[in-house]
Amino acid sequence: MAAFLGVLSALSIGISDLFGRRLIAASSALTAGATMQLFSLVFVLMVAAATASPIEVAPIGWGGVSGLGLGIGIGFYYTGLVNSSATVVAPIVASFSALIPFCYTLLRGATAGALAIGGAIVVVVGLVLITKGTASAGELRSGVGWGVLSGLGYSLGAIGFVEAADADGWWPAVGQRGAAMVLLFAVAAIRRVRPLPPSGHWRDGVLTGATVAATSLLYLASLAADPTVGVITISSFPAFSVLIGRVFFGDPVRSSQAVGIVAVIVGMAAVSV
1007 MAAFLGVLSA
1017 LSIGISDLFG
1027 RRLIAASSAL
1037 TAGATMQLFS
1047 LVFVLMVAAA
1057 TASPIEVAPI
1067 GWGGVSGLGL
1077 GIGIGFYYTG
1087 LVNSSATVVA
1097 PIVASFSALI
1107 PFCYTLLRGA
1117 TAGALAIGGA
1127 IVVVVGLVLI
1137 TKGTASAGEL
1147 RSGVGWGVLS
1157 GLGYSLGAIG
1167 FVEAADADGW
1177 WPAVGQRGAA
1187 MVLLFAVAAI
1197 RRVRPLPPSG
1207 HWRDGVLTGA
1217 TVAATSLLYL
1227 ASLAADPTVG
1237 VITISSFPAF
1247 SVLIGRVFFG
1257 DPVRSSQAVG
1267 IVAVIVGMAA
1277 VSV
């Protein structure tokens, strides 16, 4: 069940690209990010209220830590894209955001056999193949630092959610999306960027928020079932992003990316078993 929920969560991230990419093209990455967090907060609040989830301060706080980590990860990732290249930054971020939370779950007391550990390594190799390309020496030097900082931010986001997953209900997701929204709206205000979608793109904003809210809720349920499996299966989202980009946007897919997608599937199967 943890693997199934984790894969659905990763798929939700990929689906959010359908609407998020349109929003980015019509505005900016910061506008898209702030809009995404706003509407995702609305949706997770509705779910938490509708299910009468118990309100506990500590899990909401850990959810807030998760949201701040995600916000930091996003910020450094886009900074790396501006100053370097996705071909340098993305593989580092993918590796860190998969391995560090996985190791944390083991240190926290989760158990994993040789097959699961081997599967986690295969997943990371697949993620690197999916996101890796060619880059100049200058891009490499600049991108490594931003990639490491971004990967640490995303890892903090995952660890915060691992700690929050012990709670009953969905309020940790409210804390996560609320903290991320406050952070991104603050950055938008400082940079004088409109945090709301432009006219004609509110539908994209709402749908992006809905899919991202689903990501948080499914991820939380996956971690509650098995944190070790959850952190690895959700890290497979680049594979879904590549596939959706290919199907709906005509993005080219290199042979190494195809191999990486297969590796991610095999690795996730091993972790699940």
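Take any residue in the sequence shown, note its place counting from 1, add 1006, and you have its number in this note's numbering.
Ideal Cβ positions, reconstructed from N, Cα and C, are used throughout, including at glycine.
Remember, it's a predicted structure, so these values are computed and weren't measured experimentally.
| Asked | Found |
| --- | --- |
| Neighbourhood of V1129 by C-beta, 8 Å cutoff - its chain only, sequence neighbours within 5 removed | A1104, I1238, S1241, S1242, A1269, V1270, G1273, M1274, V1277 |
| Same chain, Cβ closer than 7 Å to A1220, five either side skipped, listed in chain order | S1018 |
| Limits of the alpha helix (DSSP H) - the one that A1122 falls within | 1120 to 1137 |
| Burial state of R1114 (16 or more Cβ within 10 Å) | exposed |
| Contacts around I1038, its chain only, beta-carbon distance under 6 Å, and the 5 residues preceding and following it disregarded | Sequence inspection shows Ala at residue 1038; the Ile mentioned does not correspond to that position. These residues qualify, in order along the chain: G1026, L1029, I1030. |
| N- and C-terminal bounds of the alpha helix (DSSP H) containing V1237 | 1233 to 1240 |
| Backbone CA spacing between I1078 and L1133 [nearest angstrom] | 21 Å |
| Between the CA atoms of V1099 and S1034 - distance to the nearest angstrom | 21 Å |
| Validate contact between the region 1044 to 1064 and the region 1227 to 1237 using beta carbons, cut 8 Å, 3 pairs | no |
| 7 Å Cβ shell around F1108 - same chain, five flanking residues per side excluded | A1126, T1234, V1237, I1238 |
| Contact set for G1075: own chain, Cβ-Cβ below 8 Å, skip 5 residues either direction | G1159, Y1160, S1161, L1162, G1163, A1164, I1165, G1166 |
| Own chain, CB closer than 7 Å to G1124, minus 5 neighbours either side, in chain order | A1276 |
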